[in-house]
Amino acid sequence: MGRRARHGCVLALFCALVIACIAQSQAPVKQLTKGQVVQLLTGDVPAKRIQTLAVEHGIDFQITPGTEQELRKAGADDALISVLTQLAPKAPLLIVTTVPGGAEVLIDGKLVGVTIATGELRISTLQPGGHYVLLTKKGYYDRGKDIDLKGGETLTISEKLLATPPGSDTGSHANVSGTPSNSEPTIIVPDESVAAELYRRKCAGCHGSMGQGRVGPSLQNASLGEKEIADLLVKGSSGKKAPHGKPIAGLSLGDARGIAIYVETLHK
Ligand code: HEC
106 MGRRARHGCV LALFCALVIA CIAQSQAPVK QLTKGQVVQL LTGDVPAKRI
156 QTLAVEHGID FQITPGTEQE LRKAGADDAL ISVLTQLAPK APLLIVTTVP
206 GGAEVLIDGK LVGVTIATGE LRISTLQPGG HYVLLTKKGY YDRGKDIDLK
256 GGETLTISEK LLATPPGSDT GSHANVSGTP SNSEPTIIVP DESVAAELYR
306 RKCAGCHGSM GQGRVGPSLQ NASLGEKEIA DLLVKGSSGK KAPHGKPIAG
356 LSLGDARGIA IYVETLHK
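Each number in my numbering comes from the position in the sequence shown (counting from 1) with 105 added on.
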């Protein structure tokens, strides 16, 4: 067999393999990843054939300058780049609205902006996929949310922020009126998503994200009721090991109740 023919054989085999792989993972229609396109290019699959494959399957990545460079290095020509650019999913648009406005918006732990007075923030720089959005404003409970962005789609999330009770450590409006209040404090019990966020920040490190237990015991079948748990958190219990010999710092009674209710939902 000649060198050329052998080369052709290897090529055909490689193509068949890659195409078989793509076809196999096709459930229902699997888009090409950047890695696959690079693989096809470096495997000497003709750019024309890759174009056809890309049109048939679609692609799941965006053509940023960096991606373009990478593809060109792997052997992509202008025609292929232009086809891929047309096929690329448009960047998703995320619109965040908060009531009240003026909340900082963190995505995957990075500050991306602040919602304006009417409460809106538009973010068009995110990649499709899963992200974690955290909304924070002084005097209000943090609010966290997992989102799933799809290319070309607009996702709007609107969240009403819950004020922290006056006098709690994060509250900023405790003394706005300047008049000391001697009426009974109102106990605000945060709703489940806020309580879950508090649990994640204050308890999950020791008790596990699902209450399965780590350095602290499992809470999935704790014998304590909701009221006892809230009590344990705000008062501590002298017989208990750290940190529960003392009150948990920075928790209002409302927070503690919210967390206790949340802990109950972790029960198996
Ligand atoms: C620094 C680690 C740590 C943190 C943070 C922590 N715990 Fe604990 N927790 C423990 C340990 C250790 C025990 C066992 C104490 C003992 O039995 O003496 C415990 C016990 C408990 C118990 C009693 C379980 C039982 O079955 O008797 C509850 C309920 C509980 N924790 C809830 C919480 C909640 C809710 C939070 C968050 C506000 C929290 N803990 C934060 C370590 C921790």
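For every residue, glycine included, the Cβ atom is placed at its ideal position computed from N, Cα and C.
Please tell me whether residue i and residue j are closer than 8 Å, where the distance is taken between their beta carbons.
i, j, result
"L324", "G363", "no"
"G359", "H349", "no"
"P322", "G257", "no"
"A159", "L137", "yes"
"I221", "G206", "yes"
"S382", "R306", "Any property of residue 382 remains undetermined from this structure, which presents the chain solely from 106 to 373."
"K139", "T169", "no"
"N326", "K373", "yes"
"G214", "L226", "no"
"V320", "C311", "yes"
"T269", "Y246", "yes"
"A181", "L216", "no"
What is the C-beta distance between residue i and residue j, in whole angstroms, given that I count them as a contact (C-beta under 8 Å)?
i, j, result
"L329", "L337", "7 Å"
"T203", "L266", "6 Å"
"L185", "I164", "Wrong, their Cβ atoms sit about 11 Å apart, outside the cutoff."
"G356", "G316", "The sequence shown places Leu at residue 356, not Gly. Rounded, the Cβ-Cβ distance is 17 Å, inconsistent with contact."
"A335", "A365", "4 Å"
"A179", "V143", "5 Å"
Return yes when the C-beta of residue i is under 7 Å from any heavy atom of the ligand SAH, and no when it is not.
i, result
"L185", "The model on display carries the ligand HEC but not the ligand SAH."
For residue i, which residues does DSSP report across the bridge?
i, result
"G235", "D253"
"R305", "Answer is none; R305 lacks a bridge partner."
"R248", "L240"
"A268", "Y245"
Is there a Cβ from chain D that is less than 8 Å from the Cβ of residue i?
i, result
"V320", "Of the protein chains in the structure, only one exists, and it is not chain D."
Exercise. Can at least three beta-carbon pairs, one atom from the region 248 to 258 and one from the region 293 to 309, be found at a separation below 8 Å?
Worked result: Result yes; three or more Cβ-Cβ pairs closer than 8 Å.
Exercise. Taking contact to mean at least 3 C-beta pairs separated by less than 8 Å, is the region 184 to 198 in contact with the region 226 to 236?
Worked result: Yes: at least three Cβ pairs fall under 8 Å.
For this session: State whether the region 208 to 219 contacts the region 236 to 247, with contact taken as three or more CB pairs (one from each stretch) at a distance under 8 Å.
Result: Note that the region 208 to 219 touches the region 236 to 247; at least 3 beta-carbon pairs, one per stretch, sit closer than 8 Å.
Exercise. What does the shell around the ligand HEC hold, if a residue joins when its beta-carbon is under 6 Å from any heavy atom?
Worked result: Cβ-based neighbours of the ligand HEC within the cut-off: K307, C308, G310, C311, H312, V320, G321, P322, L324, A327, S328, L329, I334, L337, L338, K345, K346, P348, H349, I353, I364 and V368.
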